[in-house]
Structures are given as C-alpha cells and as structure tokens.
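Okay, so here's the structure we're looking at.
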C-alpha cells in the first residue's frame, strides 16, 4: 500500500486489534476452475471487517445511518492456495494502521492451518457529502479497543 | 406469476414492447459445474430491462434520482440449457403487463437460436418513502412507446 | 412451478423435511436502493439448501465429486419486505416434492418474525455427462430423513 | 506487486500491448453507498483481460478447455473516484510483464476523461493438474502480438 508520512497516528495494541470470523464458501462463489473466484475474497475480507467492528460495539449500519462512511480506497490480495465450495474458512482481521482520516486492515484467510490468502484494505473516513473527515475521539476509542462482546451470529 | 384482476390496465402494442440486448457471459459468473450460476440470470434480465428503458428515452438512474423506484416484487425463471463462459448472449425483454401501480417484464435468453432460459419479473412503482404510487401519465406514455433511439453501448 | 403428473413420488414427512440456517446480509449484497438486491436471495436459498443436505449427512461437494449434480431448473421468489445490510436472517428450507428424477425445495426468509421473502427451486438429478438420472435408493433415503447431526458452522 | 528478479522476460511493445473494452455498470453492482462496490472492479478487470486476449485471437474458454489455466495469484486496486449505476465505463488493459511462468496486466478504469480506478493482476500459467508450466512459444507469440481482429461484441 502507499507509504505516507504518518500524522496523528494512533498506537495500536496488537493483541487487542485482531478478531476472527468463520463462515463457509458458497457454491455460487466458485468458478469454472472449481475454486472460489478471486474477486469474492474481498467479500470475505469485508465480512471480517464488519464483524471486527461489531465485536467492538460498532454496528456499521448504524454508523452509516449517522453519516460516517468508510469507503475502501485501496486493496490488495495475494492468493496462496485455492478455497473450494463448502470449505469452512476463517478470516483473521487486524487493524494495522489508524491515521487521522484513514485506517488499514490486514486479513489472513485460513482453512484449518492452511493459509489460503492474505490481503489488505485501506479505508477513508468520509461524511454524507463524501468529504474526508477525521475520526472523532469516540470512534478512535472504539477502533483501539479490544473485543467487548461475543458475536451473535 | 400471481393472477390479479386488472385495474387501469394499459394496452401494450406487442411489436413496440420488445427490445434486445447483447453481452458476453463473464468468467466470474460461472460456477464449479462450468456453467453460468442460475442466480446470475436475474442480473442478465436486469440489464435487459435497463436497456429496454434506455431505448425508450428513460435513464433509470435519473428516474431513481427523481424519487421513482421500481423494486422487483416477484421473479421466476426456467432454465432450458446451460450458458457458458464467454458465450455471446442475447436477452429479449418484453413489457407484457402495465397496471396502475406495477408492471411485468418477460425475458428470453438465447445463444444464437438456442433458448437458454425464460423468465419474468414483476416490479412495483414506489416513491422515495417506499410508498406505492401510480405511474404518471408521462411514465405510462414512455412505457407504451417503441424504441426511440439507438443504444450507445 | 410447472405442474406435472407425479411418478415414483416419495412420501415426505413434513416434520422431518425442514431445516433452518442463520446468517447476516453482507454489505456488498445491497444495492443503491439500500436493500439487498433481489438476485442475491437465490444465494441465500442455496445456502439453506446446502445446509439442509449437510444436516442429513450429505456433503454436496462430495456428492458432486462422485458425479451426481443437482442443477437448478426452475426458480421463483416473491419479495414481501426488504432485507438490509447486517440483518440477521433465517432461511427455512423445506423439501416439498421428491420425484424420480427431480426434487423441489421451498424457502422462507425471515428477520425475527417478519417474513421477507418466499421462494421455490426445482432441481434435476444428473450425472457427470449432464444426463438425467433417477435418485438412487441411498440418496432417496437421505433426502427423506430428518436432521441427523448438528451443523458445525 | 512483488518484485522478483526477471527470468526469461519477454520484451513487450507498449503500443501493441494495450486494448480497451467498454461496458455499463450494472444496477446490482452498486451498494447502499450508491456506488459500485469495490470488489466488483475485479470483474471489470477480468472482462478487460478476456477481451484483451480475444482481440489477439485467444478464446480463453478454448485455452482452458485445452488445459492451460491462468489463475490470478495477486491483485491490487486503487480507487480514485466512484463509479455509479449505468455509467459508461472503459477499462484499458495493458500487458506490463511477461515472465516464463507468469504475467502481469495493469488496468485503468475511466468514465470519459475521469480516472476512476487503477489496478494490477498477476496470473500464473498452470496445467490441468494445477502444476506451474512455462508459456509455450505459441502462447508467448500471441501474448506479445497486437490486436489482430475487431471484437465481435
């Protein structure tokens, strides 16, 4: 991802910054090669990210309703081994960078001990008018907190 | 589809009510059986519908921006033969029913002379508050017109 | 769905023929109307179906690997109320018809007590050469059984 | 993308290595932010890549049928401005690297003069047994050629 001089960078506690989400690969997510299509991994990373936020008390839907959006501005992924239909997959999501107006999550996708893919996404913080805004202190506190409650589903 | 007593039913000229849209099946639309996944056909029907409206001077995006939405309330599809990656497909879209608050499109999907699928969708007419509204006279005139200009792409 | 004279119809125990699967609507499954796009419901029904089979000891992936496929030949869905991002959804899948060479599942999609959609899919039984084959006695026994084990994920 | 010491690197003629493909953003590709979901851009890049090959006489479907696959092993994308429903988009695909066992395409996505996104994908060359194989001389000749015929659709 792009290297920029950090400004108002928050300190991230590595132990607190990680969450895991388990799910199964859908039939419709495979392609004619018999494996999960590479584009679908960004749906998996997104699920991991939404779950990561939920586990810190943030319902992204409510956040969006209040006018704060986190559009994805940059992504990358490296594919190590194919995922297949019905595989029980685990996405490990880690907040790796928290700047004043953007943040960066890293992802690992595993089937049991096998690493299938790794990726990163950078998200900007914008308001309802698509204007870049800084994370408020409240949001920053949430983003640097550990999991606060068990996930419901 | 559900049979209801017609009210304020518009007369549709069969010759005018039909348009065709050509496209290729995408790699990512196939599944591990090597054929286009059945759920993707509703994307194809939607492309046919959007193109049908465009060929009658309606940009659905503008329509939506002005507060009129046409949510899909009922669909069906029957699959006759598989579509495969890179197939050059033609969706034939026909307006088959125009009621006061809803309309119905029928679709045929062909690869050359081979019928691959047929389907139908019923759409309601609602405003920005999700309230059912009747089609205005202006919209009704558009919907019962023939193609008015060549499609750009 | 198409009405045909039943042949070698199996008796289905309604109490045994039903299973439920819970999941959350993904961000990427919504469209610009802010609701889950209608085409994605067939992914939800498919998840319900795959889970239904798993709960009766059938791993569809293994079944497919052994050369038996269940392609979808007909679908329909009726949308009652919109599903939204992050909604906790439950799909109730019921085997409603088991013929010699095809079967039919019905689906109900709920958010809490609210019915969001209902649908049906008819699937044919084919071999690796796309030839229609009858369900074996073994498969028929599985399909008419109740849930045999708890779902893992 | 990963920097590796080049081996058996082919010389690419920049003027010959580029093709353009035009299409419209689908309704179902948008999300609740009203813009095309970031994951779908990899479908756009894939369409560009398939079209790029077709314009050099390669039908990827036939290539795949003969046992040569080009799985995506690494991707990245940077989003500059949102794409919206019904936008007429142009993806410019350029072969930027041709190694012995892999290649790399770069993509630019425009709406008129506006750059919406840029991306890259690295693809490996494998056989039907998922084994890494070198590009044959025949394939290498195709990949370094200019557009040879007009695209049909």
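Chains as they are written, first to last, in this note's numbering: chain A, 1 to 153; chain B, 154 to 306; chain C, 307 to 459; chain D, 460 to 612.
The beta-carbon is built from N, C-alpha and C at its ideal position, and this holds for glycine as well.
When you compare only the Cα positions, how much space is there between residue i and residue j?
i                     : j                     : result
residue 148 (chain A) : residue 50 (chain A)  : 14 angstroms
residue 605 (chain D) : residue 475 (chain D) : 4 angstroms
residue 212 (chain B) : residue 483 (chain D) : 12 angstroms
residue 157 (chain B) : residue 367 (chain C) : Since pLDDT at residue 157 (chain B) reaches only 49, below the 50 mark, its modelled position is unreliable, and the value read off the structure follows with that caveat. The straight-line gap from Cα to Cα measures roughly 42 angstroms.
residue 98 (chain A)  : residue 142 (chain A) : 12 angstroms
residue 336 (chain C) : residue 472 (chain D) : 42 angstroms
residue 266 (chain B) : residue 241 (chain B) : 12 angstroms
residue 612 (chain D) : residue 514 (chain D) : Here residue 612 (chain D) scores only 41 on pLDDT, less than 50, and its place in the model is too uncertain to base an answer on.
residue 593 (chain D) : residue 225 (chain B) : 49 angstroms
residue 444 (chain C) : residue 370 (chain C) : 15 angstroms
residue 505 (chain D) : residue 293 (chain B) : 39 angstroms
residue 38 (chain A)  : residue 96 (chain A)  : 23 angstroms
residue 233 (chain B) : residue 259 (chain B) : 15 angstroms
residue 399 (chain C) : residue 450 (chain C) : 14 angstroms
residue 36 (chain A)  : residue 417 (chain C) : 28 angstroms
residue 436 (chain C) : residue 116 (chain A) : 32 angstroms
residue 289 (chain B) : residue 279 (chain B) : 12 angstroms
residue 187 (chain B) : residue 33 (chain A)  : 8 angstroms
residue 392 (chain C) : residue 346 (chain C) : 14 angstroms
residue 28 (chain A)  : residue 103 (chain A) : 31 angstroms
residue 82 (chain A)  : residue 485 (chain D) : 28 angstroms
Would the beta-carbon of residue i be found less than 7 angstroms away from any heavy atom of the ligand ADP?
i                     : result
residue 409 (chain C) : Among the ligands in the structure shown, none appear at all, so the ligand ADP cannot be discussed.
When the distance is taken between beta carbons, is residue j closer than 8 angstroms to residue i?
i                     : j                     : result
residue 550 (chain D) : residue 501 (chain D) : no
residue 128 (chain A) : residue 67 (chain A)  : yes
residue 48 (chain A)  : residue 21 (chain A)  : yes
residue 529 (chain D) : residue 560 (chain D) : no
residue 19 (chain A)  : residue 52 (chain A)  : yes
Whose CA, out of the options, lies closest to the CA of residue i?
i                     : options                       : result
residue 78 (chain A)  : D:592, D:580 and D:485        : D:580
residue 390 (chain C) : C:410, C:415, C:438 and C:373 : C:415
residue 118 (chain A) : A:9, A:10, A:44 and A:34      : A:44
Have a look at the DSSP bridge pairing and note the partners of residue i.
i                     : result
residue 423 (chain C) : C:385 and C:415
residue 173 (chain B) : B:245
residue 69 (chain A)  : A:126
residue 410 (chain C) : C:403 and C:428
residue 517 (chain D) : DSSP, once it has assigned bridges, lists no residue as partnering residue 517 (chain D).
residue 591 (chain D) : D:585
residue 342 (chain C) : C:336
residue 380 (chain C) : B:231 and C:428
For residue i, decide whether its Cβ has a neighbour in chain G, counting only Cβ atoms nearer than 8 angstroms.
i                     : result
residue 412 (chain C) : No chain G appears in the structure shown, which is made up of the protein chains A, B, C and D.
Requested in this report: Closer than 9 angstroms, Cβ to Cβ, to anything on chain A: give me those residues from the stretch 178-204 of chain B, in chain order.
Outcome: 180, 181, 182, 183, 184, 185, 186, 187, 188, 190, 191, 192 and 193
Query raised in the report: Between the stretch 369-398 of chain C and chain D, which residues of the former have a C-beta closer than 7 angstroms to a C-beta of the latter?
Result: 391
Query raised in the report: Which of the residues in the stretch 420-443 of chain C, read from start to end, lie with their CB under 9 angstroms from any CB of chain A?
Result: none
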